[in-house]
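Adding 46 to a residue's 1-based position in the first sequence gives its number in the numbering used here. All C-beta atoms, glycine included, are put in the ideal place defined by N, C-alpha and C.
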Amino acid sequence: MTARPRSLAAKRTLAAEIETRLRREYPTAHCELDFRTPYELLVATILSAQCTDKRVNMVTPALFAKWPDARALARATPSALEKVIQSTGFFRAKAKSLLGMARVVVEEHGGEIPTTMEALVALPGVGRKTANVLLGNAFGRNEGIVVDTHVARLSARFGLTRATDAVKIEAELMPLFARDGWALLSHLLIWHGRRACTARAPKCEGCVLADICPSSSI
DNA sequence: ATCCCGAGGG
DNA sequence: CCCTCTGGAT
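Printed below as a string of C-alpha cells:
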C-alpha cells in the first residue's frame, strides 16, 4: 500500500513497475479467442461482448465453416446466423452487427477487413475497444491501449487516471507507459483486472501489485 | 442474484 | 448520461 502518485514522473515510475511485475506474473498472457485471420478475430471479438471467450470459441468453428469470410457472411440470413451465435447472448444485436459489418467490408473495402482505426470504427458493431483489439492482435499495429472496464477500474485504483470516459482514460494512460508493446500491455492489464483486481471483492491478498497499490486493503 | 475483455441509441 | 440487448456460469 502506497500513496497515490501525484506527479507525472511518479505515475510513470508506478506504471513501469506495474508492467514489469505483470509481465513476470503472466509470461504467457495472450488473446484467448481462437482465430486464423483478421476476419475471424473481428467476428470473435464482436461476439465476445458480455460473454466469455470460451463460449465464443465454442460457436466460431461452426460459424467460420459456414461463412469463411466477409463475402460469405454478407450473404447469410439473420435467422441462420442468430441460430449459430445464440448461446453467446445478445444474439439479435450481434447478428445485426455482424451482417452490417460484413456488408460494409464487402461494399467499401473489397471484402478485406480494413486496417485503420478510422475505418474499423466506422463498421457496424465495431467500437474503439474492438478496433484496438484488431489493430494490436491481427495487424501488428501499436496504436493504443485497449481500455475496457477492467483497465479503467485498475488504472483508477492506482491513481493513474481520473477520467471515466474510455477515450479520456486512454489519453491519460498512454503517456505513462513505454510506447512499444501496447497490445501486450493491454492484455496484461485486462488479465490482471479479471483475475485479481476484480470489481467487487478484489483479491488483494496474493496480488503481486498489492504493496504498490494505493487502494489495496492490505 | 450478479457478473461477463461492448456498442448503439435515446 | 442513461438505457437496452441476452444466455450462461458461478
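Mapping the DSSP letters down to three states, classify residue i as helix, strand or coil.
{"i": "Gln96", "result": "coil"}
{"i": "Pro260", "result": "coil"}
{"i": "Gly156", "result": "coil"}
{"i": "Arg16", "result": "This structure gives no information on residue 16, because the portion of the chain shown stretches from 47 to 264."}
{"i": "Val105", "result": "helix"}
{"i": "Val254", "result": "coil"}
{"i": "Ser143", "result": "helix"}
{"i": "Arg70", "result": "helix"}
{"i": "Gly239", "result": "helix"}
{"i": "Ala56", "result": "helix"}
{"i": "Pro170", "result": "coil"}
{"i": "Pro84", "result": "helix"}
Might you give, ordered along the chain, the residues of its own chain that have their beta carbon closer than 8 Å to the beta carbon of residue i, omitting 5 neighbours on each side?
{"i": "Arg101", "result": "Ser133, Thr134"}
{"i": "Leu206", "result": "Pro51, Lys57, Leu60, Ala61, Glu218, Leu219, Leu222"}
{"i": "Glu264", "result": "Checking the sequence shown, residue 264 turns out to be Ile, not Glu. The residues are Met47, Cys250, Glu251, Ala256."}
Please list the terminal residues of the continuous alpha helix (DSSP H) segment that includes residue i.
{"i": "Ala126", "result": "124-131"}
{"i": "Glu164", "result": "163-167"}
{"i": "Glu78", "result": "From DSSP, Glu78 is part of no alpha helix (DSSP H); its letter is neither H nor E."}
{"i": "Arg121", "result": "No alpha helix (DSSP H) contains Arg121, which DSSP labels as neither H nor E."}
Who are the near neighbours of residue i in its chain, counting only those whose CB is closer than 7 Å to its CB and skipping five residues on each side?
{"i": "Leu255", "result": "Ile64, Arg67"}
{"i": "Phe110", "result": "Glu86"}
Report the start-end ranges of each beta strand (DSSP E) in the segment 182-236 that is 3 residues or longer and not cut off at the edges.
none
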